[in-house]
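Structure, as structure tokens:
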Amino acid sequence: MTRDEEHATPRDAARSTPSHEARTTPRYEPRAAPRATPDEQPLGDLRWTRGYTDPAWVRRYTAAGREISPSRRVWRGAAPARDLPGRPRDLDTLEISVPGGSSLKLPELFAAAETDAVVVLHRGSVAYERYFHGTRPHTPHFNASAAKSYLGLVAATLAHDGLLDRTALVSHYVPELAGTAYGDARVDHLLHMGTQVSYAGRRFDKSIEAQRYFAIVGPQLRPNGYSGPTSIREHLATARATGAPGTEFRYENGNVEALAEVLRRITGISTSALLGEVIWSHLGAQEDAYYILDGEGVEAACGGFSATARDVARLGEALRRGGAVGERQVVPEAVATTIVSGVPDGYPRRVRFPAAPPEAPATLSYHDLWWVLNDPYDSFMASGIHGQRLFVSPRLDLVIAHFASQIVSPAVPPASLVPAFLQIGAHLNAEG
6 MTRDEEHATP RDAARSTPSH EARTTPRYEP RAAPRATPDE QPLGDLRWTR GYTDPAWVRR
66 YTAAGREISP SRRVWRGAAP ARDLPGRPRD LDTLEISVPG GSSLKLPELF AAAETDAVVV
126 LHRGSVAYER YFHGTRPHTP HFNASAAKSY LGLVAATLAH DGLLDRTALV SHYVPELAGT
186 AYGDARVDHL LHMGTQVSYA GRRFDKSIEA QRYFAIVGPQ LRPNGYSGPT SIREHLATAR
246 ATGAPGTEFR YENGNVEALA EVLRRITGIS TSALLGEVIW SHLGAQEDAY YILDGEGVEA
306 ACGGFSATAR DVARLGEALR RGGAVGERQV VPEAVATTIV SGVPDGYPRR VRFPAAPPEA
366 PATLSYHDLW WVLNDPYDSF MASGIHGQRL FVSPRLDLVI AHFASQIVSP AVPPASLVPA
426 FLQIGAHLNA EG
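Residue 6 is where the sequence shown starts when you use my numbering, and the numbers rise one by one after that.
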């Protein structure tokens, strides 16, 4: 790819997209899926599973993704980095209430969370910033599924500009997906995790499908004898609907990968170039970000993104300010200010985190790939496995970028990060 292609303007490319013909919602009819072969059964020996028990193994990937997999940069832009003014606050002595009625000082909470980096902005100034385990301010860190939300911003921006039709069938943009669970869904279903899907005839199991996704994008993570899909597109082609789209929330990576392919077809440029053109190059970022790539050179859009904590905090601050960076409107105000207020009626209004037990109350909402907390502070969040968070709370004047390498195990309860973030915001506001 030439530099001109890498930084082509998606709005110009998208205007050549043919206008839509009248569409009707396809009647749901279950389609036969390819028969599962023995190696398509649950993979208990995937090497990534070490990441569920060994923080050092997790950190090997969260801190050095481009040293392990091919990658493509997301350009920071030509302008100088935008300054983040500092107003340091002593939060190391802050007592944080945690489940069970006890409390931890903030450094103790971050130790329990295997935190690698945390940047707290209050009213646009850096109130607190810490780095651990060899991470530095200039170190890009794995964002995991928090990257879904960033792509949601791009999609919502293109829709706002009239370049993406949310009501269009995905197969209109990506004809090869016709007859799959994603091709027969609408773009808006992808943005709200509204598909029900199985792959290659397997019963859907989120944790197993997540491991399989790692095997697709990371050859070094495949077990001996693996003969499953070796690219994201090949994986999507095996998806079959198990229920009508737009009726139920089911958190699944394939929604985001199908959306990324739609956006590539509309704009004619890579996901990396698109995120850079629409958002990243206008934030005043200090470092390039990057995506890891599959075997076909396609970005792992649902979670293969890495950036520095400071630059992710810059994105959060832009959203807290209604999409503006200085005097420039980077994200349309109508997009940034409706992440919370624009949740559509129906299944996206009451959801729970993927790891939550089925009996847990569905207190969250989900809009354009962002988690909405439904708290008094209009808080919303991008969230990824192992403790990746971009937390934005406009009414608390608060932005927190948090990176970690926490293990995932039933024996180790996850650190209670969101309640801690809210307590940090309340404390900073009380101090003035």
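Here a beta-carbon is modelled for each residue, glycine too, at the ideal position from N, C-alpha and C.
Keep in mind it's a predicted model, so treat the numbers as computed, not measured.
{"Item": "Coil, strand or helix - G430 by DSSP", "Value": "helix"}
{"Item": "For G289, the nearest candidate out of G70, A69, R71, D88 (CA to CA)", "Value": "D88"}
{"Item": "Residue(s) in a DSSP beta bridge with F147", "Value": "S311"}
{"Item": "Beta-carbon contacts of S102 that lie in its chain and below 8 Å, excluding the five residues immediately before and after", "Value": "S108, P424, Q428"}
{"Item": "Cβ pair count under 8 Å reaching 3, the stretch 137-156 against the stretch 325-340", "Value": "no"}
{"Item": "Residues that DSSP places opposite W376 in a beta bridge", "Value": "Y371, M386"}
{"Item": "Cβ-Cβ distance between L268 and A160 below 8 Å", "Value": "yes"}
{"Item": "Runs of beta strand (DSSP E) lying entirely within the stretch 55-127, each at least 3 residues, in chain order", "Value": "76-79, 100-103, 107-110, 120-127"}
{"Item": "Sequence-distant residues of its chain with Cβ nearer than 6 Å to L300 (five each side left out)", "Value": "Per the sequence presented here, residue 300 reads as Gly, with Leu not at that position. Same-chain partners within the cutoff: T235, S236."}
{"Item": "Rounded C-alpha distance that separates D193 from L264", "Value": "9 Å"}
{"Item": "Nearest-angstrom Cα separation, counted from W80 out to W285", "Value": "7 Å"}
{"Item": "Straight-line gap, L196 to Y155 (C-alpha atoms, nearest Å)", "Value": "12 Å"}
{"Item": "Inter-residue CB distance, V222 and I297 (contact presumed, cutoff 8 Å)", "Value": "6 Å"}
{"Item": "Contact belief for P93 with A132 at Cβ below 8 Å, rounded distance in angstroms", "Value": "7 Å"}
{"Item": "Where the beta strand (DSSP E) through S130 begins and ends", "Value": "130-136"}
{"Item": "Given 8 Å, three or more beta-carbon pairs between the stretch 407-414 and the stretch 63-71", "Value": "yes"}
{"Item": "Minimum C-alpha distance to P381 - residue among D373, G184, P399, E364", "Value": "P399"}
{"Item": "Three-state class that DSSP yields for P35 in the structure shown", "Value": "Interpretation of P35 is limited by its pLDDT of 46, a score under 50 that renders its predicted location unreliable; the figure taken from the coordinates is listed afterwards. In the structure shown, P35 sits in coil (DSSP, three-state: anything other than H, G, I, E or B)."}
{"Item": "Whole-number beta carbon distance between A220 and Y231, since they are thought to touch under 8 Å", "Value": "6 Å"}
{"Item": "Spatial distance of H240 from N379 (CA atoms)", "Value": "34 Å"}
{"Item": "Where Y295 falls: helix, strand or coil (DSSP)", "Value": "strand"}
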